[in-house]
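First residue of the sequence shown? That's 22 in this note's numbering, and the numbers climb one at a time after it. Just so it is clear, CB atoms sit at the ideal spot from N, CA and C, and this is done for glycine as well.
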Amino acid sequence: MFSMWIMHVAMWCLVQAVTESCDKGDMIASTDSVVLPGSNITFSCRLKQGERCKELIFNSSEMVLTYGRHTFICKCKSNEKLICGVDIYVGNPPDQPRNVSCIQYGRDGHITCTWDKGRPTHIETTYVIQLTNETECLSFFEENVENPKYGSLKLTKLNFYSNYTAVVAASNRLGNASSLPFTFMFIDIVKPHSPTDILVKFDNFSATNCTVLWQDQQQTQSCRLRYRPANNHVWNMVETLNATRYYLHELKPHTEYEFQVCCRFHPNRGIWSEWSTFRIQTPEAAPTGLLDVWYIRQDIDSQKQNITLFWKVMSKSEARGKILHYTLSFQALKQKTNVYDTTQTHYVQVLPKVDYNITVCAHNSKGNSPLTSIVTDLSILDLPPPQNISFTPMENNSIFVIWEPPIESAAFINGYIVKWAETNSPGPHLNWIKFSTSQLSTVISESIKQDVCYDIHVFALYSKRTGRAAAARGYSKQKAPSAGPQISTAVNGNGVWVSWEEIPGDQQMGCIISYKIYLQKKTSETGLKVYDIPIETSRNSFLITDLQHDVNYVLWMTASTMAGESPKGNEELVYLESSSEWIIVLAACIFFGISVFICLVQSAQKDFLLAVLVPKWYRKAIPDPANSTWAKKYSSVADELNLHSNQFVSYLSSFEEPETIEVEEVFIKSEPAAFKDISIFNIKSSEDHHWPTIGNSFEKPESGEQNSEYKPLVASTPEDGDNCKCHLPYLYKKVIVEETEQISEYLANPLTDMTVNYLPSNILSPIMDTNEEGNEFECKSFSIFPTTSLLMPVFSYGGKLTLDAVKIDGSCFTE
């Protein structure tokens, strides 16, 4: 009996124990090499024959708690040489496989079976699927062993109409397990491919009806269709279709739709294919929405008015397409209708001050919406605003606004309009909401930002026309302004004007409620004055009075919101000069001004007297004959024509080598009437001390003079006395041959003695002497031109003297 017990113990040790044999010794574990977590293992180590070691080092007992491989070794203590070692693996037995399923993609594909392995075993585990039917039993080993959670394998083709039972068996060194049987017919596990070539066709004249078509080459017997707007989560399902097309109706125009189709081989069983997806936008249709329009009327003057209309963008379901523009019509009683188009949601028009019938409609590519009609009424005048408007800041970028209805009104109130915009924003307010008469508060959140001030207006609607607005400024959250105002100053008597610019909107950080001006003497740190200016009374300027003269001041400004005060803006230096210095400067300016005024008055008096006493021709410029075309024409015959005058004989005697001058009396045919001399003025004797009077300036000359075709050039003699006629030689008082000056074509003043040196002094002196000695030859009567015909002679002296350098001295002109 004992021997039998020893035998069982020995057999148990041989089965359960593991021994690892090495070159120098053996190491024995009391358990198998694969154990469960928490197992307690006893180890022993022994040397082989011939090996020497006084003491061995190893763990005699160990509890393993973690999964995986654990290595235990035995060493010699003296030299720490390795004697032997053993590996122990910690893991779990397999769980029962679950969720066994098999599927085949397409009629000609391969079967793939999958299952859930359960918890990881951490040790080598084998999975086998056993497939049986009425006639055979097939086993297939797992192919994808790397996945610790799911298993799969591919099977060969099966009988299409046969029933099969599948069982998955799992085993390792710690245990084994099997799944529940999975029974199926092959047709139940075949999954068709998704349908292809989905197409949606719309009717020619409808945006709401369409036909959905698709293609399928797998001989499926049942399909289903589902569709929805792209922004919706709810599907409209159409089940059990035995065709490849379906007709849909009542779709939404101008809306993107998503269509999906799937199929299976059997009408009542089998696996549905994956969904095939197709997206398309339905065509546009004419708008159906009615624009919600209201207006503000303002008088410009007694003849004109300003009408501003507002309306909201239609919803997508009402617009049924892209709105291209809005059409507005204004028609006064018995007048032509004016039509305007705009792409905005507001319109401003200046019109004569009469009543109008206004219509507004929206247009897309398919048509226009129904007309919204408004009739203005100038007779309604008393349109009071709502009362006691106030606001409360709220979180999440919103503002709570509350108001009370008007105390009394002349017309029926049919609603309220709340509109808002950033303070000082350009253009009309485009953010607005319409409310019924029963709603007296709202929370506005559209386009509301933090640290921004908003102008909020509440209107009462009287038959779509707004009355006066109740206004307030509000914010959702604000801070102290990030910058101060920029100021400029201007001295004004005993004070100074301070002007400033608005702080930029992005630096206001909320609603400005007040400004402060700080004034301090530059040389003193005390005596700081602060001027508080509420925003309601501010006009971007402020007058500071009672400042001391001869004192330097420094001033700056800040702005404040309910959250705090801004940093100071730029500093300005102000200095008021003393009054004595101003008096001196003012006196000097007055004296200078009076002096200039006196000079100007004297000059003006002289000009006025001359303008009254001197004839009008005094100020007119007279053309210079020397520059005439006639004079230039006859200058070419200078060598043929000589001056007929005895006076030149005495000149020539003064030259060292006198030349004989041949004097020839030349008869020149008289020029046209334009060149004849006409008596313009009859001048009385200078002794009478009277100014010249105008005679018959433009009378025709006598017939005798007209018939005289040729006249000799005869010099005047002293014996002629007062009746002498000043002929051409005496018209040329001074000439010069040395140098010709460029002169003006006109004589600036005919009364001025234009003395120009036309001849050398030795030639000129005899003429001067002759004029001085014979004063009796001077004309006592004055005329611009002599009454006789004036023939312009040609002077010739040495081939150099021409009429281009001749000037007329009018003092010798006679009647």
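Might you give, ordered along the chain, the residues of its own chain that have their beta carbon closer than 7 Å to the beta carbon of residue i, omitting 5 neighbours on each side?
| i | result |
| --- | --- |
| residue 499 | 472, 530, 531, 532, 582, 583 and 584 |
| residue 260 | 245 |
| residue 440 | 450, 452, 453 and 478 |
| residue 40 | 47 and 49 |
| residue 411 | 423 and 493 |
| residue 501 | 530, 582, 584, 585, 586 and 587 |
| residue 409 | 424 and 425 |
| residue 141 | 169 |
Once DSSP output is grouped into helix, strand and coil, what is the label at residue i?
| i | result |
| --- | --- |
| residue 331 | strand |
| residue 286 | coil |
| residue 129 | coil |
| residue 196 | strand |
| residue 385 | strand |
| residue 94 | strand |
| residue 473 | coil |
| residue 867 | This structure gives no information on residue 867, because the portion of the chain shown stretches from 22 to 836. |
| residue 339 | helix |
| residue 815 | In this prediction, residue 815 scores a pLDDT of 45, lower than 50, which makes its location untrustworthy; the coordinate-derived value is nonetheless stated afterwards. It is coil, neither helix nor strand. |
| residue 526 | helix |
| residue 621 | helix |
| residue 274 | coil |
| residue 648 | helix |
| residue 356 | coil |
| residue 626 | helix |
| residue 373 | strand |
| residue 401 | coil |
| residue 75 | coil |
| residue 40 | strand |
| residue 494 | strand |
| residue 266 | strand |
| residue 346 | strand |
| residue 153 | strand |
| residue 573 | strand |
| residue 176 | strand |
| residue 140 | coil |
Considering only residues of the same chain and omitting the five flanking positions on each side of residue i, which have a CB-CB separation below 8 Å?
| i | result |
| --- | --- |
| residue 68 | 45, 46, 74, 77 and 104 |
| residue 434 | 426, 427, 458, 481, 482 and 483 |
| residue 573 | 542, 543, 544, 594, 595 and 596 |
| residue 300 | 251, 277, 278, 279 and 280 |
| residue 239 | 127, 128, 213, 214, 284 and 286 |
| residue 59 | 84, 85 and 86 |
| residue 460 | 437 |
Who are the Cβ neighbours of residue i in its own chain at under 6 Å, not counting the five residues just before and after it?
| i | result |
| --- | --- |
| residue 149 | 160, 162 and 190 |
| residue 307 | 387 and 388 |
| residue 192 | 147 |
| residue 379 | 351 and 395 |
| residue 84 | 61 |
| residue 258 | 247 |
Between the options, which lies nearest to residue i when the distance is taken from Cα to Cα?
| i | options | result |
| --- | --- | --- |
| residue 186 | 170, 209, 172 and 153 | 153 |
| residue 517 | 562, 525, 341 and 395 | 562 |
| residue 194 | 101, 146 and 281 | 146 |
| residue 110 | 88, 406, 170 and 464 | 88 |
| residue 219 | 227, 534, 237 and 132 | 237 |
| residue 552 | 546, 527, 578 and 528 | 578 |
| residue 265 | 240, 234 and 274 | 234 |
| residue 455 | 402, 519 and 314 | 314 |
| residue 10 | 368, 418, 346 and 446 | Since the first residue shown for the chain is 22 and the last is 836, residue 10 is missing from the structure and cannot be characterised. |
| residue 324 | 466, 422, 356 and 374 | 374 |
| residue 420 | 437, 575, 462 and 43 | 462 |
| residue 538 | 79, 509, 513 and 243 | 509 |
So is the beta-carbon of residue i under 8 Å away from any non-hydrogen atom of the ligand NAP?
| i | result |
| --- | --- |
| residue 626 | Among the components modelled here there is no ligand, and therefore nothing to report on the ligand NAP. |
Check whether chain C comes within 9 Å of residue i, counting only Cβ atoms and requiring the distance to be less than that.
| i | result |
| --- | --- |
| residue 581 | The chain inventory of the structure shown lacks chain C, comprising one protein chain alone. |
Runs of beta strand (DSSP E) lying entirely within the segment 577 to 619, each at least 3 residues, in chain order: 593 to 596
Touch test, the segment 481 to 489 against the segment 567 to 581, Cβ-Cβ under 8 Å, three pairs minimum: no
3-residue-minimum beta strand (DSSP E) runs that sit fully inside the segment 97 to 126, ordered along the chain: Counting only runs of 3 or more, we get 103 to 111 and 119 to 126.
Start-end ranges of the beta strand (DSSP E) lying completely within the segment 497 to 563, minimum 3 residues: 508 to 513, 516 to 521, 535 to 542 and 550 to 555
Segments of 3+ residues assigned as beta strand (DSSP E) that fall wholly inside the segment 436 to 464: 436 to 443 and 452 to 456
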